[in-house]
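Residues 114 to 803, numbered by the working numbering, are exactly what the sequence shown covers, in order. For reference, the structure discussed in these notes is given below.
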Amino acid sequence: AKAMLLSELGSPLFKIKSNKKSGKGECFPNDCYSFLSLHGPFDNPLFFSFGMMVYIFQMMFLLLMVLSVLHKNWHDNGDGDNPGSGIVASFIPANSSPLIQTTQFFAILSSIVFADASFLDVARSVETFPTHSADATNCMVFSCVLRFSQGGLAMFVTLLLIITSESVIEIVLNFAAVNFISYLDDVAFGLALWGKYGPKLEKEANRITNHPLPTCMTRGNKHTRFQCTLVTFAFPLLAIITAIIWVQASDSWLTKVLRVEFEAEELQVYNGCYELDKDAGIKGIGNKRHIYQSSDGVLESARFGYCIDERRWKLFWNGTDACKARGSEVAHSAKSHSFDVSTSFDEAWFSASGAPLDLYFIQFPDKTLENKCSSLDDGICNEFFNTFEYQFDGGDCCSRTCSHSSCGAEAVTEGFSMANTSGIGFPKCADPSMVTITISLENFTSDHDPASLAQRFTPEVIADYESALGRCNVGLSPPTLCNNYISNTINPSLLLECDSKTVLLIDINPNMSNHTETVFVNDGARCTINMQNRSAQGGIEDISHQAIWYVNFTIFEGDSLDNGTKILDMNSGEQGVSSFFRIPKCMFETLSPYYNDMASIYREMYQLQAVKWMMEDDSGNSDCRDKFFIDRFALSVMNFVAPIVNGNKTLWIEETPQCTWPETECYNGILYALNLASHDLSGVIPSEIG
Numbered sequence: 114a115k116a117m118l119l120s121e122l123g124s125p126l127f128k129i130k131s132n133k134k135s136g137k138g139e140c141f142p143n144d145c146y147s148f149l150s151l152h153g154p155f156d157n158p159l160f161f162s163f164g165m166m167v168y169i170f171q172m173m174f175l176l177l178m179v180l181s182v183l184h185k186n187w188h189d190n191g192d193g194d195n196p197g198s199g200i201v202a203s204f205i206p207a208n209s210s211p212l213i214q215t216t217q218f219f220a221i222l223s224s225i226v227f228a229d230a231s232f233l234d235v236a237r238s239v240e241t242f243p244t245h246s247a248d249a250t251n252c253m254v255f256s257c258v259l260r261f262s263q264g265g266l267a268m269f270v271t272l273l274l275i276i277t278s279e280s281v282i283e284i285v286l287n288f289a290a291v292n293f294i295s296y297l298d299d300v301a302f303g304l305a306l307w308g309k310y311g312p313k314l315e316k317e318a319n320r321i322t323n324h325p326l327p328t329c330m331t332r333g334n335k336h337t338r339f340q341c342t343l344v345t346f347a348f349p350l351l352a353i354i355t356a357i358i359w360v361q362a363s364d365s366w367l368t369k370v371l372r373v374e375f376e377a378e379e380l381q382v383y384n385g386c387y388e389l390d391k392d393a394g395i396k397g398i399g400n401k402r403h404i405y406q407s408s409d410g411v412l413e414s415a416r417f418g419y420c421i422d423e424r425r426w427k428l429f430w431n432g433t434d435a436c437k438a439r440g441s442e443v444a445h446s447a448k449s450h451s452f453d454v455s456t457s458f459d460e461a462w463f464s465a466s467g468a469p470l471d472l473y474f475i476q477f478p479d480k481t482l483e484n485k486c487s488s489l490d491d492g493i494c495n496e497f498f499n500t501f502e503y504q505f506d507g508g509d510c511c512s513r514t515c516s517h518s519s520c521g522a523e524a525v526t527e528g529f530s531m532a533n534t535s536g537i538g539f540p541k542c543a544d545p546s547m548v549t550i551t552i553s554l555e556n557f558t559s560d561h562d563p564a565s566l567a568q569r570f571t572p573e574v575i576a577d578y579e580s581a582l583g584r585c586n587v588g589l590s591p592p593t594l595c596n597n598y599i600s601n602t603i604n605p606s607l608l609l610e611c612d613s614k615t616v617l618l619i620d621i622n623p624n625m626s627n628h629t630e631t632v633f634v635n636d637g638a639r640c641t642i643n644m645q646n647r648s649a650q651g652g653i654e655d656i657s658h659q660a661i662w663y664v665n666f667t668i669f670e671g672d673s674l675d676n677g678t679k680i681l682d683m684n685s686g687e688q689g690v691s692s693f694f695r696i697p698k699c700m701f702e703t704l705s706p707y708y709n710d711m712a713s714i715y716r717e718m719y720q721l722q723a724v725k726w727m728m729e730d731d732s733g734n735s736d737c738r739d740k741f742f743i744d745r746f747a748l749s750v751m752n753f754v755a756p757i758v759n760g761n762k763t764l765w766i767e768e769t770p771q772c773t774w775p776e777t778e779c780y781n782g783i784l785y786a787l788n789l790a791s792h793d794l795s796g797v798i799p800s801e802i803g
């Protein structure tokens with residue numbers, strides 16, 4: 114397009130770029146920077162503003178190009194094909210084909226050898242920079258500095274766009290785009306010369322074309338200066354592109370270790386770590402992708418490799434050539450041109466039969482973690498991996514999925530706000546799929562408290578005990594008989610188990626009164642809390658036994674008492690063990706609008722029975738997201754309020770959709786009638802439910 118425009122003979126808009134010669138010598142360049150050389154902001158604001166406007170437009174476009182590549186939040190690089198860390202790896206592909214790399218090198222080389230646009234602006238600013246003489250002005254210096262800054266930035270943008278391009282056509286187009294911006298000062302001068310911006314600018318442009326350069330801006334050795342400038346900029350540019358090609362050829366920008374987790378049960382044998390196989394080499398000209406072999410804990414022959422014929426990454430178990438692994442193929446990616454295996458996991462993966470797969474890919478950008486891949490999901494909580502990126506260490510920091518024999522052992526070091534405590538628990542659990550419950554310890558009382566003794570023993574037994582205690586206190590009885598009387602009160606042990614997993618085991622004492630402990634459990638967890646009131650005599654009721662502590666405590670949903678809903682409160686002296694369950698979050702939120710106090714649902718036996726029945730319903734008809742969920746819940750409550758009296762069947766509710774029950778009548782899924790006349794029921798259905 115530029116060549117066609119330059120071929121428009123006779124148009125002053127596209128005069129030859131090189132300086133004209135006048136009878137007095139070389140003239141000012143035919144571009145807008147000449148306006149800035151001859152005019153300052155005060156002597157002629159119009160001409161100065163015109164030159165500055167063009168410069169600002171050029172710099173704005175160039176800076177926007179830089180931001181589109183380098184800015185962390187504004188770039189348009191997409192998901193880069195580079196797992197390396199650092200700003201350079203964030204915008205340069207991990208590798209490129211030989212065709213792309215050759216084009217990149219020759220694009221940089223041609224921009225230097227055939228200097229035009231941006232590089233020529235830099236060279237011209239050096240050639241015309243005024244020397245120390247009476248003819249030199251601040252405007253001349255200012256103009257050369259602006260020309261140099263624009264040309265230098267344009268060269269940087271050219272390099273930046275070329276090394277980030279991923280196709281030959283993209284390289285050429287980016288190269289042309291920067292040249293277009295660098296030519297704006299020439300185009301604007303041509304339009305002024307043509308009279309498009311008014312007679313004043315036209316007259317001044319015509320004067321500039323014939324205005325000779327002052328002696329302070331001319332050089333007798335300009336060819337030497339040009340060549341020195343060329344060499345000065347050529348070596349860094351060529352060195353940078355060469356260094357990038359060298360780094361791409363090395364393993365610096367490669368995923369060294371990766372971990373894959375398949376959801377499909379039949380593929381879980383391939384779960385685990387895969388390491389870069391440096392001995393396997395690269396298959397095929399222009400392929401440049403590496404092989405990853407399985408490490409400990411995975412099938413020995415499993416490998417990830419790239420088949421360039423099919424443009425897919427594959428997981429296979431026979432040989433090292435992915436293109437020859439049809440019989441041993443386990444899974445493959447969607448078609449991908451990515452050079453690094455990590456990029457392929459941003460796309461879909463399929464089984465050998467073509468079924469879509471759910472899988473997690475975990476890479477280790479931090480080199481210090483590469484050797485810890487086997488520590489991930491090993492049953493021991495690792496704080497490095499307890500993040501979303503690493504799937505929360507496979508759940509090892511939570512009770513739900515931790516399967517190691519030492520899960521949670523000695524993990525509790527501060528229980529109920531008391532430092533230097535020790536117990537089993539999961540204080541570092543961070544999995545967002547888990548929900549919280551809070552245990553609040555209230556007042557402690559000894560089982561040898563006078564009020565407690567009066568409830569359990571006769572006055573005569575109590576009198577004998579107090580007499581024996583008095584003799585021990587004054588030393589009238591031997592120590593062997595006084596051990597239980599004067600020893601410290603036993604601290605009970607709190608054991609919380611949910612879904613057959615120990616969530617918390619800790620000894621408690623009166624110093625923990627009025628403090629809370631928050632733990633993480635499964636959504637909808639079924640739990641048992643046990644206050645183990647241990648004694649040396651094995652729990653046989655005897656007033657002479659060593660005293661033990663009883664405690665009142667309360668369990669809440671959530672992570673605080675302020676916003677939590679009370680699930681349970683009890684006294685360990687009256688009831689040592691109690692079972693409860695946490696209503697699933699979705700079900701809880703769906704029911705909340707229908708209760709002024711959601712804690713009441715935990716207090717009402719029939720409502721709890723209804724919730725439990727719906728939680729155990731595996732048919733899918735009790736899904737809390739169903740728009741008729743409330744109807745089904747109300748029917749369930751009514752069933753447990755008034756169950757069937759006679760017969761083997763006590764429930765008149767079923768797992769099938771409620772509108773198919775013989776007792777119900779519906780219209781478009783909405784329940785409008787209930788007929789229970791055929792059943793002999795016990796209990797009375799409250800009017801607010803019925």
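By construction, the Cβ of each residue, glycine as well, lies at the ideal position given by its N, Cα and C atoms.
Just mark Met-166 as buried or exposed, buried being the case when its beta carbon has 16 or more other beta carbons within 10 Å. Classification of Met-166: exposed, given that the 10 Å Cβ count is below 16.
Is it true that the CB of Val-750 sits closer than 7 Å to the CB of Gln-720? yes
Compare the Cα-Cα distances from Lys-642 to each of Leu-674, Gly-689, Leu-304 and report the closest residue. Residue 642 is actually Ile in this sequence, not Lys. Ranking Leu-674, Gly-689, Leu-304 by Cα distance to Ile-642 puts Gly-689 first.
DSSP three-state call for Gln-650: helix, strand or coil? Reliability fails at Gln-650, whose pLDDT of 48 lies under 50, so the model's placement of it is uncertain and no value is given.
Is the beta carbon of Ala-435 closer than 7 Å to that of Asp-419? Checking the sequence shown, residue 419 turns out to be Tyr, not Asp. Yes; because the gap between Cβ atoms is below 7 Å, this pair is in contact.
Determine the direct distance from the alpha carbon of Ile-537 to that of Cys-520, and round the result to whole angstroms. 8 Å
Could you pull out every residue in the same chain whose Cβ sits closer than 7 Å to the Cβ of Ser-75, ignoring the five residues on either side in sequence? Residue 75 lies beyond the range of the chain shown here (114 to 803); nothing can be said about it.
Let me know the secondary structure DSSP gives Trp-426 once reduced to three states. strand
Ordered list of beta strand (DSSP E) runs contained in the region 430 to 471, each at least 3 residues: 442 to 446, 462 to 464
Cα separation between Asp-736 and Gly-782? 15 Å
Taking its Cβ as the centre, do 16 or more other Cβ atoms sit within 10 Å of Lys-134, making it buried, or is it exposed? Interpretation of Lys-134 is limited by its pLDDT of 49, a score under 50 that renders its predicted location unreliable; no figure is taken from the coordinates.
With Gly-164 as the anchor, note down where its alpha helix (DSSP H) starts and where it stops. 158 to 183
Confirm, please, whether the CB-CB distance from Gly-637 to Met-805 is below 7 Å. Coverage of the chain is limited to positions 114 through 803, which leaves residue 805 absent and any answer about it impossible.
For Asn-622, which option in Tyr-715, Gly-796, Gly-528 has the closest C-alpha, if you only look at C-alpha atoms? Gly-528
DSSP-derived helix/strand/coil call for Tyr-387: strand
Is the beta carbon of Gln-381 sitting closer than 7 Å to the one on Ile-294? no
CA-CA distance, Ser-449 and Arg-513? 37 Å
Compare the C-alpha of Leu-608 against each of Ser-691, Thr-526, Asn-431 and name the closest. Ser-691
Out of Lys-401, Glu-379, Ser-408, Asn-157, which one is the CA nearest neighbour of Tyr-387? Ser-408
Where does Lys-313 fall in DSSP's three states? Looking at Lys-313 - three-state DSSP - the assignment turns out to be helix.
Output the distance between the C-alpha atoms of Phe-539 and Phe-288, rounded to the nearest integer angstrom. 57 Å
With H, G and I counted as helix, E and B as strand and the rest as coil, what does DSSP make of Val-616? strand
Apart from the five residues just before and just after Ile-475, which ones in its own chain have a Cβ nearer than 6 Å to its Cβ? Arg-372, Tyr-503
Using a Cβ-Cβ cutoff of less than 7 Å, which residues in the same chain neighbour Pro-327 once the five nearest sequence positions on both sides are dropped? Asp-248
Return the CA-CA distance between Pro-563 and Arg-695, expressed in angstroms with no decimal places. 37 Å
Starting from the Cα of Arg-416, find the closest Cα among Ala-438, Lys-401, Glu-423 and give me that residue. Ala-438
Who are the near neighbours of Gly-508 in its chain, counting only those whose CB is closer than 8 Å to its CB and skipping five residues on each side? Asp-490, Thr-514, Cys-515, Asp-544
How many Å lie between Phe-218 and Thr-355 at the Cα? 8 Å
Please report the distance separating the alpha-carbon of Ser-606 from that of Val-525. 14 Å
Compute the beta-carbon to beta-carbon distance between Phe-160 and Glu-317, rounded to the nearest angstrom, for a pair I have assumed lies under 8 Å. Confirmed, about 6 Å.
Would Ile-284 and Ala-207 qualify as a contact pair, given that the criterion is a beta-carbon distance under 7 Å? no
Opening and closing residue of the alpha helix (DSSP H) in which Ile-275 lies: 251 to 277
Less than 8 Å between the CB atoms is what I'm expecting for Leu-259 and Tyr-168, so what's the real figure, rounded? Your pair Leu-259 and Tyr-168 checks out as a contact, with CB atoms roughly 5 Å apart and the cut at 8 Å.
Do Ser-150 and Ser-238 have their beta-carbon atoms positioned less than 7 Å apart in this structure? no
Which residues bound the alpha helix (DSSP H) around Ile-743? 742 to 754
Helix, strand or coil: which one does DSSP assign to Leu-350? helix
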